[in-house]
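Novice:
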Amino acid sequence: MENKYEELLMFRSAGSYPSEYDKSQRQTLRIYAAKFRLKGGVLLFGNRRVIKTKEEAMGLFQEFHSSPIGGHTGVLKTRTAICSRFYWYGMSVDIGNWVSHVWELIGIDLTGPLPKTSSGFQYIMTATDYFSKWVEAFPLKSKSAAEVAHQLCSLIYRHGCPKRILSDQGREFVNELNSRLCSLMKIERSVTAAYHPQTNGLDEKTNDNIKRALRKLVNSQQNDWDVYLDASLFSLRSKVHTTTKYTPFRLMYGREATYPSEVPVEVP
1 MENKYEELLM
11 FRSAGSYPSE
21 YDKSQRQTLR
31 IYAAKFRLKG
41 GVLLFGNRRV
51 IKTKEEAMGL
61 FQEFHSSPIG
71 GHTGVLKTRT
81 AICSRFYWYG
91 MSVDIGNWVS
101 HVWELIGIDL
111 TGPLPKTSSG
121 FQYIMTATDY
131 FSKWVEAFPL
141 KSKSAAEVAH
151 QLCSLIYRHG
161 CPKRILSDQG
171 REFVNELNSR
181 LCSLMKIERS
191 VTAAYHPQTN
201 GLDEKTNDNI
211 KRALRKLVNS
221 QQNDWDVYLD
231 ASLFSLRSKV
241 HTTTKYTPFR
251 LMYGREATYP
261 SEVPVEVP
């Protein structure tokens with residue numbers, strides 16, 4: 001994607017072709033380049049700025065869709081807002097796919113009992129977005145249906161309603177209270193089969209990663225893990241995921257997380 005636009009920029013600015021191009025390829029480039037123009041060194045398609053990389057395109061999508069000012073609008077409104085200002089090849093398909101996948105399917109799971117903290121917490125409920133791999137985690141005092149339902153509501157208030165929630169057959173998930181909650185919110189429920197628990201393997205892996213991170217931070221009694229839960233989540237969200245090749249933070253917010261060491265220091 002980036003190389004194609006660099007070739008266009010080189011042709012529009014200097015009239016030169018890539019050295020390896022034959023006569024037919026040069027003609028194709030001339031025809032294609034006629035649709036573009038340069039203004040102040042910026043490549044434009046009509047009046048729209050050309051986006052050269054998928055990373056930049058994803059950042060724009062996050063701004064126009066997933067951020068507070070984006071408002072999580074649907075495919076048509078998001079596509080219209082972006083396409084009226086910017087251009088990249090295949091953008092209509094990309095935007096449709098991205099809108100359809102962000103926070104669409106989440107897996108939820110429980111881990112515990114863990115050492116009881118001074119606040120009385122013994123369990124962690126995790127929720128993982130299957131698209132961005134963004135992780136949310138909530139400390140629980142018990143694994144009752146009521147506590148799980150309360151945190152599900154917190155999750156929905158924070159990110160909006162997912163289309164589908166995947167969980168195991170635990171009674172804290174499969175019960176009348178949570179079934180009615182999902183029915184009210186128009187959320188589809190999927191339950192993993194007892195003989196096939198690895199279906200929700202993503203969230204189980206999340207639990208392992210959280211526990212591994214917490215073990216490095218907690219005291220010798222391991223009863224202060226709730227104090228470090230948010231810090232562990234920040235670590236998971238700001239590291240590149242092996243599947244997506246992006247950090248969950250970038251896929252959610254369109255930018256990388258800022259570490260304390262990156263904050264500019266004002267010199268008097």
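For the sequence shown, the positions run 1 to 268 when UniProt numbering is used.
C-beta: ideal position from N, C-alpha, C; glycine also.
Can you find the residues in the same chain that come closer than 6 Å, C-beta to C-beta, to Lys116, ignoring five residues on each side of it along the sequence?
Specialist: These residues qualify, in order along the chain: Gln122.
Novice: Between Leu155, Gly70 and Leu43, which has its C-alpha nearest Ala81's C-alpha?
Specialist: Among Leu155, Gly70 and Leu43, the Cα nearest to that of Ala81 is on Gly70.
Novice: Tell me whether Ser179 sits in a helix, a strand or coil according to DSSP, three-state version.
Specialist: In this structure, Ser179 counts as helix in the three-state DSSP scheme.
Novice: Which residues mark the beginning and the end of the alpha helix (DSSP H) in which Thr244 is found?
Specialist: Run containing Thr244: none; DSSP gives neither H nor E here.
Novice: Between Glu104, Ala213, Arg85 and His65, which lies nearest to Leu43 when the distance is taken from Cα to Cα?
Specialist: Nearest of Glu104, Ala213, Arg85 and His65 to Leu43, Cα basis: Arg85.
Novice: Which value, in whole angstroms, describes the spacing of the CA atoms of Ala257 and Phe249?
Specialist: Their backbone Cα atoms lie some 6 Å apart in a straight line.
Novice: Taking just the CA atoms, how far does Ser235 sit from Ser119?
Specialist: C-alpha separation (whole angstroms): 23 Å.
Novice: Just to confirm the assignment: which complete alpha helix (DSSP H) runs, minimum length 4, are found wholly within the stretch 25-78?
Specialist: Within the stretch 25-78, the complete alpha helix (DSSP H) runs of at least 4 residues are 54-61.
Novice: Please classify Ala34: is it buried, with 16 or more other beta-carbons within 10 angstroms of its beta-carbon, or exposed?
Specialist: By the neighbour-count rule (16 or more Cβ atoms within 10 Å), Ala34 is not buried but exposed.
Novice: Straight-line CA distance for Tyr130 to Arg164?
Specialist: Approximately 11 Å, taken between the alpha carbons.
Novice: Is DSSP giving Thr199 helix, strand or coil here?
Specialist: Reliability fails at Thr199, whose pLDDT of 42 lies under 50, so the model's placement of it is uncertain and no value is given.
Novice: Rounded to whole angstroms, what's the CA-CA distance from Tyr253 to Lys23? Just pull it up for me.
Specialist: Tyr253 and Lys23: Cα-Cα distance of roughly 44 Å.
Novice: Excluding the 5 residues preceding and the 5 following Ser13 in the sequence, name in chain order all residues of the same chain whose CB lies nearer than 7 Å to its CB.
Specialist: Once the five neighbours on either side are set aside, the close Cβ partners of Ser13 are Leu38.
Novice: Less than 6 Å between C-beta atoms, sequence neighbours within five positions excluded: which residues of the same chain meet that for Val240?
Specialist: Excluding positions up to five away in sequence, the list reads Thr247.
Novice: Would you report the Cα separation of Ser238 and Ser19, rounded to the nearest angstrom?
Specialist: If you take the alpha carbons of Ser238 and Ser19, they lie about 41 Å apart.
Novice: If I'm right that Val75 touches Ile51 with Cβ under 8 Å, what's the distance once you round it to whole angstroms?
Specialist: Actually they are not in contact, since the Cβ atoms of Val75 and Ile51 sit about 18 Å apart, beyond 8 Å.
Novice: Taking buried to mean at least 16 other C-beta atoms within 10 Å of its own C-beta, is residue 283 buried or exposed?
Specialist: The chain is shown from 1 up to 268; residue 283 falls before or after that span and cannot be answered.
Novice: For my contact list, Gly59 and Arg255 are in at a C-beta cut-off of 8 Å; report their separation, rounded to the angstrom.
Specialist: 7 Å between Cβ atoms; contact.
Novice: Quick check on DSSP: helix, strand or coil for Val263?
Specialist: DSSP places Val263 in coil when its eight states are reduced to three.
Novice: In whole angstroms, what separates the C-alpha of Ala57 from that of Met91?
Specialist: Straight-line Cα distance between these residues: approximately 8 Å.
Novice: Could you give the residue range of the alpha helix (DSSP H) that holds residue 269?
Specialist: Outside the shown range of the chain, which is 1 to 268, sits residue 269, and nothing can be said about it.
Novice: Does the distance from the CB of Trp225 to the CB of Leu233 come in under 8 Å?
Specialist: No. Outside cutoff.
Novice: Straight-line CA distance for Ser261 to Leu217?
Specialist: Distance between the alpha carbons of Ser261 and Leu217 is about 20 Å.
Novice: When burial is assigned at 16 or more other CB atoms within 10 Å of the CB, is Leu251 buried or exposed?
Specialist: It is buried - the Cβ of Leu251 has at least 16 other Cβ atoms within 10 Å.
Novice: Is Tyr157 helix, strand or coil when you go by DSSP?
Specialist: The answer is helix: DSSP assigns Tyr157 an H, G or I state.
Novice: Between the alpha carbons of Ala149 and Glu172, how many angstroms are there, rounded?
Specialist: Straight-line Cα distance between these residues: approximately 9 Å.
Novice: Lys245 to Tyr21, Cα distance in whole Å?
Specialist: Those two C-alpha atoms are separated by around 32 Å.
Novice: Mark Tyr195 as exposed unless 16 or more other C-beta atoms lie within 10 angstroms of its C-beta, in which case mark it buried.
Specialist: Low local confidence applies: a pLDDT of 36 at Tyr195 is under 50, so the model's placement there is unreliable, with the coordinate-based value given in what follows. Result: exposed.
Novice: Could you pull out every residue in the same chain whose Cβ sits closer than 7 Å to the Cβ of Glu63, ignoring the five residues on either side in sequence?
Specialist: Excluding residues within five positions, the ones whose Cβ falls inside 7 Å are Gly70 and Gly254.
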